[in-house]
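Residue numbers (the working numbering), protein chains in the order written: chain A, 4 to 350; chain B, 1353 to 1860.
The beta-carbon is built from N, C-alpha and C at its ideal position, and this holds for glycine as well.
Fair warning: this is a prediction, and the values are worked out from it, not measured in the lab.
Printed below as a string of structure tokens:
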């Protein structure tokens, strides 16, 4: 990264021309403070398991890992915006379920009479609109009514999850357009269409975070909302936008999950919340706010997906996988706390 | 080194002998030697970073000295932790008080040693009774069962002192005890310190408020760069000499001369600003090139007026005119856009993003000026940020260093100033701009204020230090109970007159 980006986040430390030993210390520090170690961790994990699970490196499996990563990544990136403001969006899984049934319902709605790609696009629009409404509800309750994010999103999680099940009487919505399955499951050569869909959101999130005024303000709010307000940062608008972005990104994830299932499901994504938060935390997004990067979240999602995938290959039960993921996330949080302390001592 | 203090009067309660301490190879204390007599107060003065805190942390068992010797009442003393210090009767009243707000006064006082019956049951009645006695001795009229969160900062400090008395502390260290106290609370504290001395306890008093130090302390130790540059009885030290010893600079240089005289052009006009229960009918005019001081006791509405002006708090009535144009619906962003800036009273809470670095902090208020289509124009912003940081006298190494929380108070304040200077303000409201920072940094901040008004800006300077207002301002607005009690012209600056206005004595 160029020196120009050193103002943002904790991913980089400006290097000053100092003596060699100190420079080495600074490099080590920068590495610890950055996200690359998460990638290194994922690679080490992969290589370490390769002897016992050679199937890991199969081209089909690598393809599977990538396609498993994509929807999780886009959801985790959305959550990242909220986490940076030192908030949390517990309703993200319910947003996925609700947008899934709303989108699927729109795609198969006889009154619209749409088929194929047109139906898929209409569904996508419906998903984004519904997600925007959910995000706006969360954002308004948190900023205008000054309610704690945890309570607000816990309540909306239950409300919208219940709403999705109630509206569908707990049934899935099948018969979705072929185009949706194609987009979600197939690809152009080795490049999945899903990657082409997710990539703009990844790039967009990165630009927002590191290059935009909004990104600067997001970090400022997360670090000290009071000081940000005095400095002219529109705190309420910034926080509101983070929740809307979170929900919108979740809708993109919901689109892909729905396509993979080929069904609109009112219980879609109910089990991924741990993965979303876990990937973000492993990727260096602080639950205390003011810290996070897109690269970190990508590495975190990679690691979580890798753990999931490898344990499946090794034949562990889903419960054992859950236990393993819980342990990994705890260790990551521990390591995060340790490196934070190390950096603090050296600073 | 022979120590003259030891040969006169009261017995020596505490002695430092050649104490050294380094951090990562950087010497912070270079052989500090001095002694403290029983029943005396010793004023420890020095700029931030002179080594005062390190010295006291060694005494309090928070840090362990690299070399040298400490003696307490003639016996060697080498504390390994705060508990050791306590056992030898040393109490530390910290700058940031160490009380648990959600616990009662009695619980706080006996937290480290609850008298118990059996294994777990606390003798509530006994601790409440003992607390009552202790509170009486520090003259705090509060119930032992009252929660600490219901107390004012000054009252909390009294609880800290009561806590020290609970274990019969012989040496009580005060580190900047008056920064968050009202004038009345200060007086109460000083009376209490005198009482501690009469009881034969020793006091180490650390403060940037040199007037207070001179008033309270019999002996002085002046510290500079980890060394004792002078020590002796009060009579040897004039205020002037203390300052020049601390910084190697004369007092008259503290308030740099200003060449510019204020113009008659009104910049900011405030008419009848009111908010029930907060301020009442506040009116004044700030001119181009003027430093208008705002004096008053804590709670007189000084900061509240500033917050209302900057759109942080609402006003029920009143008009604000900026540059001849009305400015009705204010919020911080609009104020900044129209050329206002506001350095808040609390750096930590409202001034800085403590975990962010210098550049991020400096940039945050000026972002709209360096934005195109929602993106930050980094190429334009970066050089301006660095220039602003340099203009307030931040060293290149500090600008590029990590989080601002690692900087000293003075440097942190410079970061806040740089942030506002980057917005090129025409009206700069400064609330306690030099609180808790050392003399050297104060002088630099005064120079910056002068440069600002020389360029035609107006400065509204709120301060609790009357010397500072008298030294810096063209006029002083005195507030009392939310109202403007009077405006004093430079020709009529007089400590007593201003204080009378502030306290409500009225001018005959």
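Proximity of residue i and residue j at Cβ, strictly below 7 Å
| i | j | result |
| --- | --- | --- |
| residue 1649 of chain B | residue 1534 of chain B | yes |
| residue 1409 of chain B | residue 1389 of chain B | no |
| residue 250 of chain A | residue 98 of chain A | yes |
| residue 1656 of chain B | residue 1631 of chain B | yes |
| residue 1453 of chain B | residue 1500 of chain B | yes |
| residue 1445 of chain B | residue 1512 of chain B | yes |
| residue 75 of chain A | residue 313 of chain A | no |
| residue 1786 of chain B | residue 1801 of chain B | no |
| residue 116 of chain A | residue 252 of chain A | no |
| residue 133 of chain A | residue 267 of chain A | no |
| residue 79 of chain A | residue 304 of chain A | yes |
| residue 91 of chain A | residue 153 of chain A | yes |
Endpoints, the alpha helix (DSSP H) within which residue i is located
| i | result |
| --- | --- |
| residue 1458 of chain B | 1457–1461 |
| residue 262 of chain A | 238–264 |
| residue 1499 of chain B | Taken as a continuous stretch (DSSP letters only), residue 1499 of chain B belongs to no alpha helix (DSSP H), as it is neither H nor E. |
| residue 214 of chain A | 196–214 |
| residue 188 of chain A | 181–188 |
| residue 233 of chain A | 228–233 |
| residue 1542 of chain B | 1535–1550 |
| residue 1612 of chain B | Taken as a continuous stretch (DSSP letters only), residue 1612 of chain B belongs to no alpha helix (DSSP H), as it is neither H nor E. |
| residue 1658 of chain B | 1654–1661 |
Distance between residue j and residue i (C-alpha atoms, nearest Å)
| i | j | result |
| --- | --- | --- |
| residue 1402 of chain B | residue 1577 of chain B | 5 Å |
| residue 202 of chain A | residue 139 of chain A | 25 Å |
| residue 327 of chain A | residue 1710 of chain B | 41 Å |
| residue 1658 of chain B | residue 232 of chain A | 15 Å |
| residue 1843 of chain B | residue 1624 of chain B | 26 Å |
| residue 1582 of chain B | residue 1398 of chain B | 11 Å |
| residue 1700 of chain B | residue 1488 of chain B | 34 Å |
| residue 1554 of chain B | residue 1522 of chain B | 6 Å |
| residue 1367 of chain B | residue 1818 of chain B | 36 Å |
| residue 1712 of chain B | residue 245 of chain A | 20 Å |
| residue 1722 of chain B | residue 290 of chain A | 30 Å |
| residue 12 of chain A | residue 1476 of chain B | Summary for residue 12 of chain A: the model assigns pLDDT 38, below 50, so the residue's position carries little reliability, and this model does not support an answer. |
| residue 1799 of chain B | residue 1779 of chain B | 17 Å |
| residue 1783 of chain B | residue 1830 of chain B | 14 Å |
| residue 1494 of chain B | residue 1455 of chain B | 14 Å |
| residue 1670 of chain B | residue 1615 of chain B | 25 Å |
Collapsed DSSP secondary structure at residue i in the structure displayed
| i | result |
| --- | --- |
| residue 1326 of chain B | Residue 1326 of chain B lies beyond the residue range present for chain B, which begins at 1353 and ends at 1860; the question has no answer from this structure. |
| residue 273 of chain A | coil |
| residue 109 of chain A | helix |
| residue 319 of chain A | coil |
| residue 1475 of chain B | coil |
| residue 22 of chain A | Annotation note: pLDDT 48 at residue 22 of chain A (below 50); position unreliable, coordinate value reported separately. Correct three-state label for residue 22 of chain A: coil. |
| residue 74 of chain A | helix |
| residue 332 of chain A | helix |
| residue 350 of chain A | Unreliable positioning characterises residue 350 of chain A in this predicted model, as indicated by a pLDDT of 37, which lies under 50. A coordinate reading is not provided. |
| residue 341 of chain A | helix |
| residue 324 of chain A | helix |
| residue 95 of chain A | helix |
| residue 58 of chain A | helix |
| residue 1708 of chain B | coil |
| residue 1408 of chain B | helix |
| residue 1846 of chain B | coil |
| residue 1489 of chain B | helix |
| residue 1728 of chain B | strand |
Identified DSSP bridge partners for residue i
| i | result |
| --- | --- |
| residue 1557 of chain B | B:1395 and B:1526 |
| residue 1917 of chain B | Chain B is shown only over 1353 to 1860; residue 1917 of chain B falls outside these bounds and no answer can be derived. |
| residue 1810 of chain B | B:1779 |
| residue 1743 of chain B | Note: residue 1743 of chain B sits in no beta bridge, so no partner. |
| residue 1388 of chain B | B:1366 |
| residue 1579 of chain B | B:1576 |
Range covered by the beta strand (DSSP E) that runs through residue i
| i | result |
| --- | --- |
| residue 141 of chain A | That residue, residue 141 of chain A, is in no beta strand (DSSP E); its alpha helix (DSSP H) goes 119–146. |
| residue 1633 of chain B | 1631–1639 |
| residue 47 of chain A | Element bounds for residue 47 of chain A: not the beta strand (DSSP E) but the alpha helix (DSSP H), 39–52. |
| residue 1627 of chain B | 1618–1627 |
| residue 1443 of chain B | 1442–1445 |
| residue 1671 of chain B | 1669–1674 |
Check: residue i C-beta below 6 Å from any heavy atom of the ligand ZN
| i | result |
| --- | --- |
| residue 89 of chain A | The model on display carries no ligand, and the ligand ZN is accordingly not part of it. |
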